[in-house]
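Read top to bottom, the protein sequences are chains A and B.
Using the working numbering, you'd call the opening residue of the first sequence number 1 and step up by one each time.
Using the working numbering, you'd call the opening residue of the second sequence number 352 and step up by one each time.
Cβ atoms here follow ideal geometry from the backbone N, Cα and C, with glycine treated the same way.
What you are looking at is a predicted structure, and each value in this text was computed from that prediction instead of being measured.
First comes the structure, then the notes that go with it.
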Amino acid sequence: MTLLPEQIGDLLGLSGLPAEIIGGLIGATIIGSIILANAALAGPWAKRKITAAFTDRISVNKFGPWGVGIIIPDAVRLLSKELIVPEGVDRPAWDLAPLIIASSALLGFAVIPMGSLGPIEFHLADPEIGLIFVFAIASIASLGLVMAGYASNNKYSLMGGLRAVAQNLAYEIPLILVGISVVIFAGSLQMSEIVAAQAQTLVELGPVDIPMWFAILNPFAFVLFLAANVAEVGRNPFDIPEAPTEIVAGYQTEYSSVYFVLFYLGEFVHIFLGGALIATIFLGGPAGPILPGFVWFLIKIWAVFLLTQWMRSALPRVRIDQLIEIGWKGLLVGAFLNLFLTAGIVGVLAI
Amino acid sequence: MSLEQPHQLDVGETPEGELDYDALADLLGESVIDREEHINCEAFVIRPDDVARALSTLREEAGFDHLSCVTAQEYRDRYESIYHLKKYDDPTQELSLVVPTTRENPASQSGASVFDTANWHEREAYDLVGIEYDDHPDLRRILLPETWQGYPLSLDYNQDKPQIVPLREHVNPMETRNKGADDSDTMFLNIGPHHPATHGVLHLRTVLDGEQVVDVDPDIGYLHRCEEQMCQQSTYRHQIMPYPDRWDYISAGILNEWAYARAAEDLADLDVPEYAQVIRTMSAEMCRIAAHLLAVGTFALDIYGDFTAIFMYAITDRERIENLLEDLTGQRLMFNYLRLGGVAWDLPEPRDRYFEKVREFTDQFPDRLEEYHNLLTNNELFQMRVIDTGILPPEEAKRYGCTGPVLRGSGVDYDLRRDDPYGYYDELEWDVITDDGCDNFARARVRLEEMRQSIRIIEQCVDLLEEWPEDDRQIQSNVPRTLKPDSDTEIYRAVEGAKGELGIYIRSDGTDKPARFKIRSPAFCNLQSLEVMAEGEYVPDMVAALGSLDIVLGEVDR
Numbered sequence: 001m002t003l004l005p006e007q008i009g010d011l012l013g014l015s016g017l018p019a020e021i022i023g024g025l026i027g028a029t030i031i032g033s034i035i036l037a038n039a040a041l042a043g044p045w046a047k048r049k050i051t052a053a054f055t056d057r058i059s060v061n062k063f064g065p066w067g068v069g070i071i072i073p074d075a076v077r078l079l080s081k082e083l084i085v086p087e088g089v090d091r092p093a094w095d096l097a098p099l100i101i102a103s104s105a106l107l108g109f110a111v112i113p114m115g116s117l118g119p120i121e122f123h124l125a126d127p128e129i130g131l132i133f134v135f136a137i138a139s140i141a142s143l144g145l146v147m148a149g150y151a152s153n154n155k156y157s158l159m160g161g162l163r164a165v166a167q168n169l170a171y172e173i174p175l176i177l178v179g180i181s182v183v184i185f186a187g188s189l190q191m192s193e194i195v196a197a198q199a200q201t202l203v204e205l206g207p208v209d210i211p212m213w214f215a216i217l218n219p220f221a222f223v224l225f226l227a228a229n230v231a232e233v234g235r236n237p238f239d240i241p242e243a244p245t246e247i248v249a250g251y252q253t254e255y256s257s258v259y260f261v262l263f264y265l266g267e268f269v270h271i272f273l274g275g276a277l278i279a280t281i282f283l284g285g286p287a288g289p290i291l292p293g294f295v296w297f298l299i300k301i302w303a304v305f306l307l308t309q310w311m312r313s314a315l316p317r318v319r320i321d322q323l324i325e326i327g328w329k330g331l332l333v334g335a336f337l338n339l340f341l342t343a344g345i346v347g348v349l350a351i
Numbered sequence: 352m353s354l355e356q357p358h359q360l361d362v363g364e365t366p367e368g369e370l371d372y373d374a375l376a377d378l379l380g381e382s383v384i385d386r387e388e389h390i391n392c393e394a395f396v397i398r399p400d401d402v403a404r405a406l407s408t409l410r411e412e413a414g415f416d417h418l419s420c421v422t423a424q425e426y427r428d429r430y431e432s433i434y435h436l437k438k439y440d441d442p443t444q445e446l447s448l449v450v451p452t453t454r455e456n457p458a459s460q461s462g463a464s465v466f467d468t469a470n471w472h473e474r475e476a477y478d479l480v481g482i483e484y485d486d487h488p489d490l491r492r493i494l495l496p497e498t499w500q501g502y503p504l505s506l507d508y509n510q511d512k513p514q515i516v517p518l519r520e521h522v523n524p525m526e527t528r529n530k531g532a533d534d535s536d537t538m539f540l541n542i543g544p545h546h547p548a549t550h551g552v553l554h555l556r557t558v559l560d561g562e563q564v565v566d567v568d569p570d571i572g573y574l575h576r577c578e579e580q581m582c583q584q585s586t587y588r589h590q591i592m593p594y595p596d597r598w599d600y601i602s603a604g605i606l607n608e609w610a611y612a613r614a615a616e617d618l619a620d621l622d623v624p625e626y627a628q629v630i631r632t633m634s635a636e637m638c639r640i641a642a643h644l645l646a647v648g649t650f651a652l653d654i655y656g657d658f659t660a661i662f663m664y665a666i667t668d669r670e671r672i673e674n675l676l677e678d679l680t681g682q683r684l685m686f687n688y689l690r691l692g693g694v695a696w697d698l699p700e701p702r703d704r705y706f707e708k709v710r711e712f713t714d715q716f717p718d719r720l721e722e723y724h725n726l727l728t729n730n731e732l733f734q735m736r737v738i739d740t741g742i743l744p745p746e747e748a749k750r751y752g753c754t755g756p757v758l759r760g761s762g763v764d765y766d767l768r769r770d771d772p773y774g775y776y777d778e779l780e781w782d783v784i785t786d787d788g789c790d791n792f793a794r795a796r797v798r799l800e801e802m803r804q805s806i807r808i809i810e811q812c813v814d815l816l817e818e819w820p821e822d823d824r825q826i827q828s829n830v831p832r833t834l835k836p837d838s839d840t841e842i843y844r845a846v847e848g849a850k851g852e853l854g855i856y857i858r859s860d861g862t863d864k865p866a867r868f869k870i871r872s873p874a875f876c877n878l879q880s881l882e883v884m885a886e887g888e889y890v891p892d893m894v895a896a897l898g899s900l901d902i903v904l905g906e907v908d909r
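See the structure below:
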């Protein structure tokens with residue numbers, strides 16, 4: 001398997017360091033554009049359509065097929081708003097926060113194997129510490145939230161920032177612990193290895209081979225990871241850092257125009273990154289019958305997106321103290337139990 | 352009230368459930384200077400320095416535990432505060448305390464030490480009329496800005512002179528009250544007037560300790576539109592009726608109109624044909640369903656945090672009932688449908704088609720109600736959020752003058768439709784819903800179940816209307832073109848509005864316009880109890896409590 005930068009390097013007839021740099025840049029641009037296109041589709045259009053379907057409404061339907069064209073006027077609208085800089089904001093930090101949030105989520109996709117479409121392999125890099133890299137990068141977003149909350153010089157933002165920290169502490173640890181259980185299965189932190197480990201056949205049911213996806217092998221871990229991931233990306237019922245009816249919009253209260261778009265974008269990319277992680281470490285990555293791997297990968301991350309929107313329409317937000325309780329007393333204990341469980345399963349399979 | 356429990360007679364109560372005003376006057380002894388006759392009850396004129404004692408004697412010994420309203424007004428020779436007292440057990444037993452003060456020194460004793468609800472009522476009286484209350488815990492303006500000059504409802508106030516209140520006068524809201532900030536590590540936070548969860552322009556001055564509410568002080572008046580004064584400048588017969596629609600403007604219009612209609616009809620001694628009463632009852636209950644749907648929808652919105660399924664479902668159902676009301680009244684929100692002595696016009700033709708539409712709605716609504724129960728009250732996450740939060744004990748609720756679903760959610764069985772019957776309610780089969788939970792959950796559940804009772808009432812009304820003989824369909828009685836009630840008659844009448852007891856006080860001076868028109872707004876009184884519910888709770892629970900109070904700022908501020 002050749003990674004995308006190498007393929008581009010080969011295509012351009014380059015070799016050595018120039019191939020890595022130029023191939024890497026072009027490859028990153030391609031991957032980034034794909035993710036951004038998904039986020040653009042999700043934010044102004046899919047989110048509206050999905051919520052409308054859950055609430056018996058029609059939503060956007062005038063411009064383009066199924067109203068998809070709304071993306072263009074929406075983008076123009078968002079970008080043409082005035083950028084209001086409130087008095088007393090902590091300037092470099094205030095400006096950096098949206099950039100950090102948007103870019104940290106995008107960075108995570110560098111190591112995600114997104115499957116192939118024809119000869120093209122959508123996978124930028126495959127370091128041996130792939131999984132740790134994703135967790136680390138995704139957590140940088142918390143830093144952005146705190147910066148935004150603190151630098152905005154607004155009490156609601158401050159509360160939102162503090163809530164974000166408390167929430168991320170409560171959820172990152174179970175999230176990573178569950179991730180470690182996957183590493184025990186796969187025996188590697190490398191993303192390609194994790195995907196490969198899931199390609200084996202678990203059982204054969206007649207003509208159908210059930211693959212050894214970790215979601216099938218250990219549904220308990222899958223559920224834990226799903227729950228922790230919802231909190232990690234801050235969606236209902238865990239959208240506490242923004243909680244519009246309580247603290248207006250939390251850390252993003254004072255942001256407008258392009259900065260708001262960056263926050264908004266960061267959120268959606270973050271949801272997709274969460275989906276990509278779930279797909280990669282629990283749902284066999286890009287694996288799937290008939291359709292190309294890349295399409296399967298998109299289907300899986302959109303399924304996770306759909307799940308978040310479904311919860312958003314149906315579940316009440318829990319209170320911050322309840323969330324901390326769920327995190328530390330529920331999920332963390334569950335995550336440790338899951339480690340034992342996984343060790344047991346691995347032991348049985350080894351026999 | 353009920354026959355099963357032997358009712359201990361209060362002082363001044365006869366075995367027939369009537370009031371013996373002589374006994375009450377004896378109870379108060381020397382405090383009573385004089386006695387007056389109001390249309391709804393007798394009034395005792397009380398010495399201005401003896402108000403608290405008189406109120407507490409009446410509450411402790413005569414059972415008057417409900418201070419429904421405090422009306423303030425200015426005469427040529429004196430100021431007057433009227434304390435309208437009732438009993439939660441039997442609101443037909445009423446007593447008014449009239450407290451006169453001189454024009455030179457308009458000060459009387461405050462009743463806030465006995466009834467907490469008097470706090471806000473007296474602040475409003477101070478704000479609009481200019482009466483000062485001694486021993487009041489917090490006497491400052493409530494509806495108008497702190498810097499306002501003069502008292503708008505006093506006789507010598509120049510109403511033509513505009514007053515401009517610049518922002519800089521109010522730029523630092525910390526200046527006023529900020530208790531607890533000195534000795535502990537707290538944060539002052541302005542929630543509102545522009546905030547997603549305040550249901551309008553409500554401003555909560557909040558002191559937080561971390562996420563916990565230490566102190567909350569609602570600042571109201573942003574939507575004050577001088578409704579009382581506008582009514583005082585309008586004629587009884589035609590001009591006042593459109594205003595009530597604008598108090599609780601969230602589709603409770605006919606309920607509000609009925610409050611005015613009831614007070615004015617009793618004041619001028621007008622009859623209402625039975626047929627019109629049935630139509631009134633039906634349309635009022637439709638309004639109640641619409642109002643409760645919005646209340647439940649926005650409450651869910653506060654808990655869920657987005658315009659999600661329940662809110663949209665509630666709005667969808669509310670649309671259906673708005674359509675029915677539109678067919679009936681020609682309007683969707685500002686109905687202006689009731690008239691003194693009846694209603695504006697008969698049911699829409701063809702009547703069968705209308706009955707069919709109403710039945711279609713009432714038949715399918717119980718199923719929808721089940722869906723709301725599934726989404727809300729049976730939802731474990733929702734229960735986790737709202738059960739045992741925003742506690743309002745029944746005794747506190749009474750002291751704060753709470754009424755409506757808020758009071759019934761605290762387990763007090765009080766509903767004017769049954770206890771002080773008007774319209775056609777006493778002829779119909781329905782139940783008063785109460786819940787002993789005293790929390791946010793109980794209040795939401797009471798509203799949901801009340802809608803089921805409203806459906807029952809509507810169904811019975813439709814049956815009645817369908818079989819009503821064609822030659823007896825009188826929609827209005829004969830009302831003089833210019834209505835001039837007798838001079839110096841006073842009345843205080845209340846109906847069960849969507850949020851609770853909506854009372855109107857009218858004093859006539861013999862002209863075709865009221866000399867004093869006072870609105871007792873249920874949301875105003877209920878909102879004051881927020882401090883009981885919120886203090887010590889987390890911010891999200893305070894928001895939930897506010898949602899469960901179901902305030903409409905149009906009614907709070909008037």
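Contacts that residue i makes with chain A (C-beta to C-beta distance below 7 Å)
i	result
E562 (chain B)	I320
F733 (chain B)	P316
Spatially closest choice to residue i from the options, by CA coordinates
i	options	result
E232 (chain A)	A:F294, A:S256, A:A138 and A:V223	A:A138
S188 (chain A)	A:L41, A:A227, A:E128 and A:S313	A:E128
Q424 (chain B)	B:Q583, B:V623, B:D566 and B:T740	B:Q583
V629 (chain B)	B:Y611, B:L618, B:L684 and B:L689	B:L689
L405 (chain A)	A:G9, A:L79 and A:A166	The structure shown does not extend to residue 405 (chain A), since chain A is modelled only from 1 through 351, so no value can be given for it.
Per-residue contacts from residue i into chain A (C-beta, under 9 Å)
i	result
P937 (chain B)	With chain B covering 352 to 909 only, the question about residue 937 (chain B) has no answer from this structure.
N730 (chain B)	A314, L315 and P316
V763 (chain B)	Per Cβ cutoff of 9 Å: no residues; V763 (chain B) is ~28 Å from chain A at best.
Chain-ordered neighbours of residue i on chain A, where CB pairs are closer than 8 Å
i	result
Y655 (chain B)	N236, L315, P316 and R317
T422 (chain B)	Per Cβ cutoff of 8 Å: no residues; T422 (chain B) is ~36 Å from chain A at best.
L916 (chain B)	Any answer about residue 916 (chain B) is impossible in this case: the structure gives chain B only from 352 up to 909.
Whole-angstrom C-beta distance between residue j and residue i, which should lie under 8 Å
i	j	result
L14 (chain A)	I22 (chain A)	6 Å
R474 (chain B)	T452 (chain B)	Going by Cβ atoms, the distance from R474 (chain B) to T452 (chain B) rounds to 16 Å, so no, they are not a contact pair.
D331 (chain B)	R576 (chain B)	There is no way to answer for residue 331 (chain B), as the model of chain B reaches only from 352 to 909.
N218 (chain A)	L341 (chain A)	7 Å
F875 (chain B)	E906 (chain B)	7 Å
A610 (chain B)	G848 (chain B)	6 Å
One or two residues paired with residue i in a DSSP bridge
i	result
L518 (chain B)	DSSP lists no partner for L518 (chain B).
E121 (chain A)	A:S116
G693 (chain B)	B:R690 and B:Q827
Y299 (chain B)	Within the shown structure, residues of chain B are numbered from 352 to 909, placing residue 299 (chain B) beyond reach of any answer.
R871 (chain B)	B:G854
E847 (chain B)	B:E852
S634 (chain B)	Answer by DSSP bridge pairing: none, since S634 (chain B) is not bridged.
S59 (chain A)	None, per the DSSP bridge assignment.
Partners in chain B for residue i, counting only beta-carbon separations shorter than 8 Å
i	result
R353 (chain A)	Residue numbering for chain A in the displayed model covers 1 to 351; residue 353 (chain A) lies beyond these limits and cannot be assessed.
R57 (chain A)	M663
Cross-chain neighbours of residue i in chain B, by beta carbon under 7 Å
i	result
L81 (chain A)	Rather than Leu, the amino acid found at residue 81 (chain A) in this sequence is Lys. Within chain B, no residue comes near K81 (chain A); the closest Cβ sits about 18 Å away, beyond 7 Å.
F294 (chain A)	None at all; the shortest Cβ gap to chain B is about 32 Å.
Item to complete: Please specify which runs of the alpha helix (DSSP H), each continuous and at least 4 residues long, are wholly inside the region 212 to 300 of chain A, giving them in chain order.
Response: 214 to 217, 219 to 233, 244 to 247 and 257 to 282
Fill in: Length at least 4, wholly inside the region 384 to 425 of chain B: the alpha helix (DSSP H) runs in chain order
402 to 413
Worksheet entry | Inside the region 426 to 500 of chain B only - beta strand (DSSP E) runs reaching at least 3 residues | 429 to 437, 446 to 453, 458 to 460 and 483 to 485
Worksheet item: In the region 130 to 209 of chain A, which residue ranges form an unbroken beta strand (DSSP E) of at least 3 residues, counting only runs that do not cross its ends?
Response: 201 to 205
Worksheet entry | Start-end ranges of the beta strand (DSSP E) lying completely within the region 522 to 595 of chain B, minimum 3 residues | 538 to 542, 554 to 560 and 563 to 570
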